Amino acid sequence: MTDQDQNGSHMKDLVANLIQYKWSNLLKHDYIEVFITPILKV
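Using the numbering used here, the first residue of the sequence shown is number 12, and each one after it goes up by one.
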């Protein structure tokens, strides 16, 4: 899980690339999903 800011988005991409490089078979079986939380201003 990463922060919901620009840096967190960048970190998410780096982790996804690492998983694709090291454990690409996890991506074939849909073990990994992205959960995007909404940002609300009150």
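Using N, Cα and C, we set each Cβ at its ideal position, and we do this for glycine too. A quick note: this is a predicted structure, and the numbers were derived from the prediction, not measured.
query = Fully enclosed by the region 25-50, which beta strand (DSSP E) runs are 3 residues long or longer?
reply = none
ask   = Which whole-angstrom value is the C-beta distance of ILE47 and ILE30, which I expect to be below 8 Å?
value = Not confirmed; about 18 Å, so no contact.
key: Close-in-space but distant-in-sequence residues of the same chain around SER35 (CB under 6 Å, 5 per side omitted)   = Excluding its 5 nearest sequence neighbours in each direction, SER35 has no C-beta neighbour in its own chain below 6 Å.
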